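Student:
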Amino acid sequence: MRGIVLLNPNHTIGELHMTESFAIQKIMTDKYMDEKNISPVILNPYQLHLHYTIPHELLLHLQKKETAQIDCLVLHSMETLERFIYIYPEKWIELCLYFKEIISVSAQTPTKHYEVN
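The opening residue of the sequence shown carries number 1 in my numbering; numbering runs sequentially from there.
(1) Considering just the uninterrupted stretch of the beta strand (DSSP E) at Ile4, what are its terminal residues?
(2) How long is the line joining the alpha carbons of Ser104 and Ser77, rounded to whole angstroms?
(3) Out of Met28, Tyr52, Tyr46, which one is the CA nearest neighbour of Asn8?
(4) Contact check, Gly14 vs Pro40 under 8 Å by CB: the rounded distance?
(5) On the DSSP letters alone, give me the boundaries of the beta strand (DSSP E) that Glu101 sits inside.
(6) Whose CA, out of Leu73, Thr80, Trp92, lies closest to the CA of Ile102?
(7) Which class does Ser77 belong to by DSSP, given the choice of helix, strand or coil?
(8) Would you call the region 22-38 in contact with the region 83-95, where contact means no fewer than 3 C-beta pairs closer than 8 Å?
(9) By how many angstroms is the C-alpha of Met28 removed from the C-alpha of Asp37?
This is the structure in structure tokens:
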């Protein structure tokens with residue numbers, strides 16, 4: 001299975017500092033990817049990390065790459081993208097179309113892209 005991780009460095013989990021929250025997001029998504037044998041998809045050969053932190057950038061790379069549908073988009077939780085989804089609902093829908101499923105690791109329940117609205 002192939003997937004892309006999208007993290008939010010500005011999201012806080014509970015009372016934790018943003019730095020700690022980001023570290024938790026990364027640890028949980030990395031662990032999930034390892035446990036489920038999900039290979040990271042590299043869209044840009046110059047990207048520094050195996051994850052994205054900017055949904056707009058991910059969408060742009062997906063559009064440029066003209067790639068076939070990718071198995072999954074792995075998130076820590078839907079809450080990490082609430083603001084993006086609220087402000088840019090059409091971009092969120094477009095982003096979802098590139099994936100067979102959206103996986104929220106904190107919930108551990110895969111969601112089909114057409115159910116995410």
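Heads up, the beta-carbon is just placed ideally off N, CA and C, and yes, glycines get one too. All values reported here derive from a predicted model rather than from experimental measurement.
Tutor: Taking the geometry as given:
(1) Residue numbering aside, residue 4 sits at position 4 when the sequence shown is read from its first letter. That run of the beta strand (DSSP E) goes 2-6.
(2) Residue mapping note: residue 104 aligns to position 104 of the sequence shown, counting from 1. Residue mapping note: residue 77 aligns to position 77 of the sequence shown, counting from 1. Ser104 and Ser77: Cα-Cα distance of roughly 5 Å.
(3) In the sequence shown, residue 8 corresponds to position 8, counting from 1. Comparing Cα positions, the closest option is Tyr52.
(4) Within the sequence shown, numbered from 1, the residue matching residue 14 stands at position 14. Within the sequence shown, numbered from 1, the residue matching residue 40 stands at position 40. Rounded, the Cβ-Cβ distance is 27 Å, inconsistent with contact.
(5) For the purposes of this step, residue 101 is taken as the residue at position 101 of the sequence shown. Residues 99-104.
(6) In the sequence shown, counting from the first residue as 1, residue 102 sits at position 102. Looking at the Cα atoms, Leu73 is the closest of the given residues.
(7) As a first step, residue 77 is located in the sequence shown; it is residue number 77 there, counting from the start. Reduced to three states, the DSSP call for Ser77 is coil.
(8) no
(9) For the purposes of this step, residue 37 is identified with residue 37 of the sequence shown, where counting begins at 1. For the purposes of this step, residue 28 is identified with residue 28 of the sequence shown, where counting begins at 1. Inspection of the sequence shows that residue 37 is occupied by Asn rather than by Asp. So the two alpha carbons sit approximately 14 Å from each other.
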